[in-house]
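First up is the structure itself, then whatever we jot down about it.
Number of protein chains: 4
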Amino acid sequence: MPVLRYVHRHRVRYRECDPMGVVYHAHYLDWFEAARTEALRSAGLPYANLEAAGVVMPVVEAALKYHGSARYDDVVDVEALFPEMPRVRAVVDYAVRRTGESAVLVSGRVVLCFLDVTRGRPVAAPALVVEAFERAARDPSRAV
Amino acid sequence: MPVLRYVHRHRVRYRECDPMGVVYHAHYLDWFEAARTEALRSAGLPYANLEAAGVVMPVVEAALKYHGSARYDDVVDVEALFPEMPRVRAVVDYAVRRTGESAVLVSGRVVLCFLDVTRGRPVAAPALVVEAFERAARDPSRAV
Amino acid sequence: MPVLRYVHRHRVRYRECDPMGVVYHAHYLDWFEAARTEALRSAGLPYANLEAAGVVMPVVEAALKYHGSARYDDVVDVEALFPEMPRVRAVVDYAVRRTGESAVLVSGRVVLCFLDVTRGRPVAAPALVVEAFERAARDPSRAV
Amino acid sequence: MPVLRYVHRHRVRYRECDPMGVVYHAHYLDWFEAARTEALRSAGLPYANLEAAGVVMPVVEAALKYHGSARYDDVVDVEALFPEMPRVRAVVDYAVRRTGESAVLVSGRVVLCFLDVTRGRPVAAPALVVEAFERAARDPSRAV
Numbered sequence: 002m003p004v005l006r007y008v009h010r011h012r013v014r015y016r017e018c019d020p021m022g023v024v025y026h027a028h029y030l031d032w033f034e035a036a037r038t039e040a041l042r043s044a045g046l047p048y049a050n051l052e053a054a055g056v057v058m059p060v061v062e063a064a065l066k067y068h069g070s071a072r073y074d075d076v077v078d079v080e081a082l083f084p085e086m087p088r089v090r091a092v093v094d095y096a097v098r099r100t101g102e103s104a105v106l107v108s109g110r111v112v113l114c115f116l117d118v119t120r121g122r123p124v125a126a127p128a129l130v131v132e133a134f135e136r137a138a139r140d141p142s143r144a145v
Numbered sequence: 002m003p004v005l006r007y008v009h010r011h012r013v014r015y016r017e018c019d020p021m022g023v024v025y026h027a028h029y030l031d032w033f034e035a036a037r038t039e040a041l042r043s044a045g046l047p048y049a050n051l052e053a054a055g056v057v058m059p060v061v062e063a064a065l066k067y068h069g070s071a072r073y074d075d076v077v078d079v080e081a082l083f084p085e086m087p088r089v090r091a092v093v094d095y096a097v098r099r100t101g102e103s104a105v106l107v108s109g110r111v112v113l114c115f116l117d118v119t120r121g122r123p124v125a126a127p128a129l130v131v132e133a134f135e136r137a138a139r140d141p142s143r144a145v
Numbered sequence: 002m003p004v005l006r007y008v009h010r011h012r013v014r015y016r017e018c019d020p021m022g023v024v025y026h027a028h029y030l031d032w033f034e035a036a037r038t039e040a041l042r043s044a045g046l047p048y049a050n051l052e053a054a055g056v057v058m059p060v061v062e063a064a065l066k067y068h069g070s071a072r073y074d075d076v077v078d079v080e081a082l083f084p085e086m087p088r089v090r091a092v093v094d095y096a097v098r099r100t101g102e103s104a105v106l107v108s109g110r111v112v113l114c115f116l117d118v119t120r121g122r123p124v125a126a127p128a129l130v131v132e133a134f135e136r137a138a139r140d141p142s143r144a145v
Numbered sequence: 002m003p004v005l006r007y008v009h010r011h012r013v014r015y016r017e018c019d020p021m022g023v024v025y026h027a028h029y030l031d032w033f034e035a036a037r038t039e040a041l042r043s044a045g046l047p048y049a050n051l052e053a054a055g056v057v058m059p060v061v062e063a064a065l066k067y068h069g070s071a072r073y074d075d076v077v078d079v080e081a082l083f084p085e086m087p088r089v090r091a092v093v094d095y096a097v098r099r100t101g102e103s104a105v106l107v108s109g110r111v112v113l114c115f116l117d118v119t120r121g122r123p124v125a126a127p128a129l130v131v132e133a134f135e136r137a138a139r140d141p142s143r144a145v
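Which chain is which? The protein sequence lines are A, B, C and D, in order. So that you can map any letter, position 92 of the first sequence is 93 in my numbering, and since no number is skipped, the others follow by simple counting. So that you can map any letter, position 86 of the second sequence is 87 in my numbering, and since no number is skipped, the others follow by simple counting. So that you can map any letter, position 124 of the third sequence is 125 in my numbering, and since no number is skipped, the others follow by simple counting. So that you can map any letter, position 53 of the fourth sequence is 54 in my numbering, and since no number is skipped, the others follow by simple counting.
This is the structure we're talking about:
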């Protein structure tokens with residue numbers, strides 16, 4: 002059962018489209034960033050708070066599958082789903098769909114770790130992350 | 002045995018670095034594009050020729066692992082390696098290293114297909130691709 | 002008196018920030034694009050309609066002044082203001098502010114022309130542009 | 002008489018091109034960054050040295066004129082020219098041409114200041130900048 006889910010809406014910009022008229026494949030990673038940032042914020046954890054606590058979350062793995070193409074001016078829903086409580090790593094799964102459509106255009110997974118900035122080394126998910134996810138899991142209005 | 006290998010050199014730009022002072026993770030996909038384009042050109046196949054023949058190569062899968070971080074102003078070698086002859090799909094493996102160092106900072110794989118532009122559907126690798134790879138494979142100076 | 006005004010809200014993404022911790026200067030042009038696109042849409046003129054009519058609007062001039070810095074996770078208001086009816090060229094002025102603040106962080110102007118795609122040459126603003134601006138100018142709810 | 006001039010060569014990437022098949026207008030600012038960085042390096046002043054000395058150079062103004070369009074896979078020469086010795090501000094003029102052609106596709110100017118990182122405020126060009134430009138001006142092989 003996923004522990005956190007969020008849908009981030011985005012309008013495709015001209016800048017993001019390539020000569021094939023579709024979104025250049027790398028930009029989906031940008032949308033994934035926006036979606037997971039908003040997912041964390043929705044759980045009461047703005048990423049800036051994490052940074053203020055001396056922790057950053059570098060990406061350690063990313064994988065994407067392109068099933069279809071978002072096009073210029075499309076409105077897309079970028080779903081970010083944390084399938085499990087973050088521990089040493091945070092796993093986030095993504096699905097991009099045109100708003101109102103069920104077909105998944107692009108799916109993906111990004112794995113992040115927690116890095117203590119001052120010591121420069123990986124740490125387990127800090128308390129403020131664990132607590133935010135636990136609060137979100139207990140919130141019936143957020144059932145995913 | 003890989004059939005084509007190319008190393009693309011790149012200087013890390015300020016634009017590519019994030020507040021952690023390292024390259025933002027999505028930009029490695031940009032470097033992969035540059036490396037495979039130059040690999041194809043080195044085999045006598047500028048991508049523009051392919052487009053002129055009515056074929057484009059959309060990305061259908063991408064995966065990256067981040068082992069370390071390239072930093073601002075680093076010079077990096079982006080190795081693109083085609084492990085097999087492209088048929089229905091072209092597979093390209095990547096490794097990014099600081100120039101002169103052996104540690105791999107980022108590794109990845111991108112899978113592309115061949116799309117007939119006028120018919121809008123996937124096709125097998127066209128003759129000019131197969132021939133370019135065969136020529137490259139026969140060229141002893143290019144032994145990989 | 003300006004003929005069209007629109008404010009586009011944007012959340013600053015990690016991807017957009019550089020090692021100084023502020024938005025990389027080129028990205029403001031991306032926000033300008035989003036703001037003028039939404040300004041045109043608000044006047045009943047999605048840019049995609051223009052393209053469907055065989056007209057595109059390439060940028061012919063851009064100028065920016067950086068008075069301050071937007072930072073990671075800031076919410077900013079990007080104001081796009083068309084100071085005059087588009088004729089041979091469309092002029093758009095911009096001001097970027099943190100939401101709720103009056104200080105302008107970045108101001109700018111972008112000039113675009115109208116290009117007939119099939120003939121490949123500049124044309125005057127097509128009727129659907131002129132009419133959209135005239136409708137917007139007559140709409141009291143849109144007084145700028 | 003300009004005090005420093007450098008030409009940075011660049012191959013246009015797919016990522017940089019938009020649905021019109023030409024380079025998206027914002028990316029020229031990226032190329033300007035690369036060209037001025039290499040101009041400074043050619044004068045014995047890697048930007049990283051400046052940062053190590055506690056000084057960064059934020060952009061305070063940018064202006065571009067688009068006369069023509071660079072297209073996918075074009076090789077372009079990005080000329081960066083410092084028309085005067087940097088004092089409180091550094092002015093850099095740019096001209097982008099297809100390699101081997103004289104027509105200027107895009108011209109521009111970027112103005113930067115010098116910012117003391119620890120004090121967070123503008124300063125005059127530090128000694129290592131002034132000395133680098135004076136050395137470059139005295140070097141007959143670099144006559145511009």
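All C-beta atoms in this analysis are idealised placements derived from N, C-alpha and C, irrespective of residue type, glycine included.
Q) Under 9 Å between C-beta atoms, does A35(C) make it to chain A? A) Your numbering for residue 35(C) matches position 34 in the third sequence. Answer yes: the Cβ-Cβ gap between A35(C) and chain A drops below 9 Å somewhere.
Q: Could you confirm whether any beta carbon from chain C is found closer than 9 Å to the beta carbon of P141(B)?
A: Your numbering for residue 141(B) matches position 140 in the second sequence. Judged by the 9 Å Cβ criterion, P141(B) is not in contact with chain C.
Q) CB L1(C) to CB V97(C), shorter than 9 Å? A) Outside the shown range of chain C (2 to 145) lies residue 1(C), about which nothing can therefore be said.
Q. By DSSP, does Y7(C) sit in helix, in strand, or in coil?
A. In the third sequence, residue 7(C) corresponds to position 6, counting from 1. Y7(C): strand per DSSP, three-state reduction.
**Q.** Member of V76(D), A64(D) and V57(D) whose CA lies at the smallest distance from the CA of L129(D)
**A.** Along the fourth sequence, read from residue 1 onward, the residue named residue 129(D) stands at position 128. Minimum Cα distance to L129(D) is reached at V57(D).
Q) Is E62(B) near V13(B), with beta carbons less than 9 Å apart? A) As a working mapping, residue 62(B) is identified with position 61 in the second sequence. As a working mapping, residue 13(B) is identified with position 12 in the second sequence. For the 9 Å CB-CB criterion, E62(B) and V13(B) do not form a contact.
Q: Answer with buried or exposed for R10(B), where buried requires no fewer than 16 other C-beta atoms within 10 angstroms of its C-beta.
A: Position 9 of the second sequence holds residue 10(B). Exposed: under 16 other Cβ atoms inside 10 Å.
Q. When DSSP builds the beta bridges, which residues end up paired with S108(C)?
A. Taking the first residue of the third sequence as position 1, residue 108(C) is located at position 107. S108(C) is bridged to K66(C) and A96(C).
(Q) According to DSSP, is V56(A) part of a helix, a strand, or is it coil? (A) Taking the first residue of the first sequence as position 1, residue 56(A) is located at position 55. It is a strand residue.
**Q.** Cβ-based contacts, 7 Å cut-off: residues of the stretch 98–120 of chain D near chain A
**A.** none
Q: Rounded to whole angstroms, what's the CA-CA distance from F33(D) to A126(D)? Just pull it up for me.
A: Residue mapping note: residue 33(D) aligns to position 32 of the fourth sequence, counting from 1. Residue mapping note: residue 126(D) aligns to position 125 of the fourth sequence, counting from 1. Their Cα atoms are separated by approximately 20 Å.
Q: Report the option in R120(A), R72(A) and P87(A) whose CA atom is closest to the CA atom of R16(A).
A: Mapped onto the first sequence, residue 16(A) falls at position 15. Selected option, being the one with the closest Cα: R72(A).
(Q) So, at 7 Å on beta carbons, what are the nonlocal neighbours of P141(C) in its own chain, with the 5 sequence-adjacent residues on each side left out? (A) Counting from one through the third sequence, the residue named residue 141(C) turns up at place 140. Around P141(C): no qualifying Cβ.
Q.
Beta-carbon within less than 6 Å of M86(C)'s beta-carbon, same chain only, minus the 5 sequence neighbours each way: which residues are those?
A. On the third sequence, position 85 is the one that residue 86(C) refers to. Hits under 6 Å: V4 and F134.
Q | Span of the alpha helix (DSSP H) around V130(C) | A | Within the third sequence, residue 130(C) is the residue found at index 129, counting from 1. Start and end: A128 to R139.
Q: Please name the residues in the stretch 6–24 of chain B whose beta-carbon is closer than 7 Å to at least one beta-carbon of chain A, in chain order.
A: M21
**Q.** Partner residues on chain B for A49(D), Cβ-Cβ distance less than 8 Å
**A.** As a working note, residue 49(D) is residue 48 in the fourth sequence. A49(D) reaches chain B at Y73 and D74, counting residues in chain order whose Cβ is nearer than 8 Å.
Q | Endpoints, the beta strand (DSSP E) within which A81(B) is located | A | Stepping through the second sequence from its first residue, residue 81(B) is reached at position 80. V76 to F83 is the span of the beta strand (DSSP E), which, as asked, contains A81(B).
**Q.** Residue(s) in a DSSP beta bridge with F33(D)
**A.** Here residue 33(D) is taken as the residue at index 32 of the fourth sequence, counted from 1. Answer is none; F33(D) lacks a bridge partner.
Q. With a cut-off of 9 Å, does the C-beta of S70(A) fall near any C-beta of chain B?
A. By one-based count along the first sequence, residue 70(A) stands at place 69. It does: the Cβ of S70(A) has a partner Cβ on chain B nearer than 9 Å.
Q | Span separating the alpha-carbon of S108(B) from that of E80(A) | A | As a first step, residue 108(B) is located in the second sequence; it is residue number 107 there, counting from the start. As a first step, residue 80(A) is located in the first sequence; it is residue number 79 there, counting from the start. Going from the Cα of S108(B) to the Cα of E80(A) covers about 26 Å.
(Q) Could you tell me the alpha carbon to alpha carbon distance between A91(D) and P47(A), rounded to whole angstroms? (A) Counting from 1 along the fourth sequence, the entry for residue 91(D) is found at position 90. Counting from 1 along the first sequence, the entry for residue 47(A) is found at position 46. Spanning the two alpha carbons is a distance of roughly 37 Å.
**Q.** N-terminal and C-terminal residue of the beta strand (DSSP E) that P20(C) is part of
**A.** As a working mapping, residue 20(C) is identified with position 19 in the third sequence. Taken as a continuous stretch (DSSP letters only), P20(C) belongs to no beta strand (DSSP E), as it is neither H nor E.
Q | Terminal residues of the beta strand (DSSP E) in which P123(B) lies | A | Against the second sequence, residue 123(B) aligns to sequence position 122. Where P123(B) is concerned, the enclosing beta strand (DSSP E) stretches over R122 to V124.
Q) Taking the alpha-carbon positions, what's the R6(B) to R136(B) distance? A) Here residue 6(B) refers to the residue found at position 5 when the second sequence is read from its first residue. Here residue 136(B) refers to the residue found at position 135 when the second sequence is read from its first residue. Near 13 Å, if we compare the C-alpha coordinates of R136(B) and R6(B).
Q. Leaving out the 5 sequence neighbours to the left and right, which residues in its chain are closer than 7 Å to P84(C) when beta-carbon positions are compared?
A. For the purposes of this step, residue 84(C) is taken as the residue at position 83 of the third sequence. Cβ neighbours of P84(C) beyond the five flanking positions: P3, V92 and D94.
Q.
Quick check: the Cα distance between Y29(B) and T100(C), rounded to an integer number of angstroms?
A. Working through the second sequence from its first residue, we reach residue 29(B) at position 28. Working through the third sequence from its first residue, we reach residue 100(C) at position 99. Y29(B) and T100(C) have their C-alpha atoms some 33 Å from each other.
Q: Can you grab the Cα-Cα spacing for the pair D31(B) / Y67(B), in whole Å?
A: Position 30 of the second sequence, counted from the first residue, corresponds to residue 31(B). Position 66 of the second sequence, counted from the first residue, corresponds to residue 67(B). Cα to Cα, the separation comes out at about 15 Å.
Q) Per DSSP, R90(A) forms a beta bridge with which residues? A) In the first sequence, residue 90(A) corresponds to position 89, counting from 1. Its beta-bridge partners are C114(A).
Q: Mark R88(A) as exposed unless 16 or more other C-beta atoms lie within 10 angstroms of its C-beta, in which case mark it buried.
A: As a position in the first sequence, residue 88(A) is number 87, starting the count at 1. By the neighbour-count rule (16 or more Cβ atoms within 10 Å), R88(A) is not buried but exposed.
Q: For A27(A), decide whether its Cβ has a neighbour in chain D, counting only Cβ atoms nearer than 9 Å.
A: Numbered from its first residue, the first sequence carries residue 27(A) at position 26. It does; some Cβ of chain D falls within 9 Å.
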